[in-house]
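Q: Let me give you the structure first, and then I'll get to my questions.
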Ligand code: SF4
């Protein structure tokens, strides 16, 4: 089997990393590339491991999203998931993740086994009881939320749940994964996005939902006036409707094209997607973002 080529693609999280720290971007998308293979250099193997490390906030989001995904998929198959069982399964999985990470099992399979930064960097344990209580609270919020309940009431309208897709936008392959896509009353679609964290700003949520809107219009061929987006915050138990308009879709296209062009400007070979490490500097010494960065060991900052 031939080697997997590192081809250029765009995603919202890639944009976030590119904007935050150029070195982090390089380590994540170039330095760690191939680190899963037998013939990988020691550094790229370690970078691949670091790339897959998680924080408690990211992990909590994954656990709650997986519970939502499992419940919606089960409902679409005609089952009736109930909250107590979902909490039980969510907490069982969460406890297993913590124990596996403590035991260092992420070293065997960094992609599949979660590894917490605290274990990798041998830091004090997080307050796991508080994390588990928050997971339980958010699963209750999910099952009690009117949007989720409505989705469970009309399983025949669930069009897709967490499917990773590539959408060509202005010639760039863009990865999107919608938490859920529902058919609306008016023959349109509703994009549903769960958030579990403390801080999500409205502008970046709208930007992300605009990109999902492009997917609905372009690949699902839904007229833009029939696309709606809903952002549900499970931490604060609130939701916001974001209108998806022709203007937002056009803005999102431009945004992706501009961001992708900025990323490719640093390549020494655009065709082969080659990025020289020297073109991707670290943040200034002492920058507070380094203290929680998963790559800090490679940068000599932790
Ligand atoms: S440790 Fe700092 S400089 Fe290094 S990748 Fe992380 S954020 Fe960037």
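In my numbering, the protein residues as written are 1 to 302.
Built from N, CA and C at the ideal position, the CB exists for glycine as well.
For clarity, every value in this text was computed on a predicted model and none was experimentally measured.
I'd like to confirm something about residue 369: is its beta-carbon nearer than 7 Å to some heavy atom of the ligand SF4, or not?
A: Residue 369 lies beyond the stretch modelled for the chain, which goes from 1 to 302, so this question has no answer here.
Q: Confirm, please, whether the CB-CB distance from residue 248 to residue 291 is below 8 Å.
A: No.
Q: Alpha carbon to alpha carbon, what distance is there between residue 53 and residue 109?
A: So the two alpha carbons sit approximately 11 Å from each other.
Q: Are residue 232 and residue 192 touching if we call contact CB-CB under 8 Å?
A: Against a cut-off of 8 Å, the Cβ pair of residue 192 and residue 232 comes out as a contact.
Q: Could you spell out where the beta strand (DSSP E) holding residue 85 opens and where it closes?
A: From DSSP, residue 85 is part of no beta strand (DSSP E) but of the alpha helix (DSSP H) over 83-102.
Q: Give every residue of the same chain whose Cβ lies closer than 7 Å to the Cβ of residue 155, excluding the five residues on either side of it in the sequence, and list them in chain order.
A: 75, 76.
Q: Roughly how many angstroms separate the alpha carbons of residue 1 and residue 269, rounded to a whole number?
A: Low per-residue confidence applies at residue 1: pLDDT is 49, beneath 50, and the placement is therefore not dependable, though the value from the model is reported in the following sentence. Straight-line Cα distance between these residues: approximately 24 Å.
Q: Residues bridged to residue 173 by DSSP?
A: Looking at the DSSP assignment, residue 173 forms a beta bridge with 168.
Q: Pull up the distance between the alpha-carbon of residue 260 and that of residue 89, whole angstroms please.
A: One C-alpha to the other measures close to 40 Å.
Q: Buried or exposed: which applies to residue 112, given that a residue is buried once 16 or more other Cβ atoms fall within 10 Å of its Cβ?
A: It counts as exposed.
Q: Grouping DSSP H, G and I as helix and E and B as strand, with all else coil, what is residue 1?
A: Only weak support is given to the placement of residue 1: the predicted model assigns it a pLDDT of 49, under 50, and the question is left unresolved by the model.
Q: Run through DSSP, which three-state label would residue 255 get?
A: Helix, per DSSP.
Q: Does the Cβ of residue 283 lie closer than 7 Å to at least one heavy atom of the ligand SF4?
A: Answer for residue 283: yes, Cβ within range of the ligand SF4.
Q: Residue 61 to residue 68, Cα distance in whole Å?
A: Each residue's alpha carbon lies about 11 Å from the other.
Q: If the criterion is Cβ atoms closer than 8 Å, does the pair residue 218 and residue 167 meet it?
A: Against a cut-off of 8 Å, the Cβ pair of residue 167 and residue 218 comes out as a contact.
Q: Between the C-alpha atoms of residue 99 and residue 106, what's the straight-line distance to the nearest angstrom?
A: Whole-angstrom Cα-Cα distance: 11 Å.
Q: Work out the CA separation of residue 295 and residue 42 for me, nearest whole Å.
A: Looking at the two C-alpha atoms, the distance is approximately 15 Å.
Q: Using the Cβ count rule (16 or more neighbours within 10 Å means buried), how would you classify residue 184?
A: Classification of residue 184: exposed, given that the 10 Å Cβ count is below 16.
Q: Buried or exposed for residue 10, please, with buried defined as at least 16 other CB atoms from any protein chain shown within 10 angstroms of its CB.
A: Under this definition residue 10 is a buried residue.
Q: By DSSP's criteria, residue 243 is part of a beta bridge. Which residues make up the other side?
A: Partner(s): 228.
Q: Determine the closest residue to residue 44 out of 286, 277, 283, with distance taken between C-alpha atoms.
A: Checking every option, the nearest Cα to that of residue 44 belongs to 277.
Q: Just to confirm, does residue 100 get its C-beta within under 7 Å of one of the non-hydrogen atoms of the ligand SF4?
A: Flag unset: Cβ of residue 100 not near the ligand SF4.
Q: Would you list, in sequence order, the uninterrupted alpha helix (DSSP H) runs of no fewer than 4 residues that lie entirely inside the region 181-223?
A: List check, alpha helix (DSSP H) in window: 202-218.
Q: Could you name the residues that DSSP lists as bridge partners for residue 115?
A: Paired residues: 53.
Q: Roughly how far, in whole angstroms, is the beta-carbon of residue 241 from the beta-carbon of residue 230, given that I think they are within contact range, below 8 Å?
A: At roughly 6 Å, the Cβ-Cβ gap stays under 8 Å, so residue 241 and residue 230 are in contact.
Q: Applying the criterion that 16 or more other CB atoms from any shown protein chain within 10 Å of the CB defines a buried residue, is residue 19 buried or exposed?
A: Counting Cβ neighbours within 10 Å, residue 19 comes out exposed, since fewer than 16 surround it.
Q: Is residue 291 helix, strand or coil by DSSP?
A: Note: residue 291 maps to helix in three-state DSSP.
Q: What are the boundary residues of the alpha helix (DSSP H) that residue 136 is part of?
A: Where residue 136 is concerned, the enclosing alpha helix (DSSP H) stretches over 128-144.
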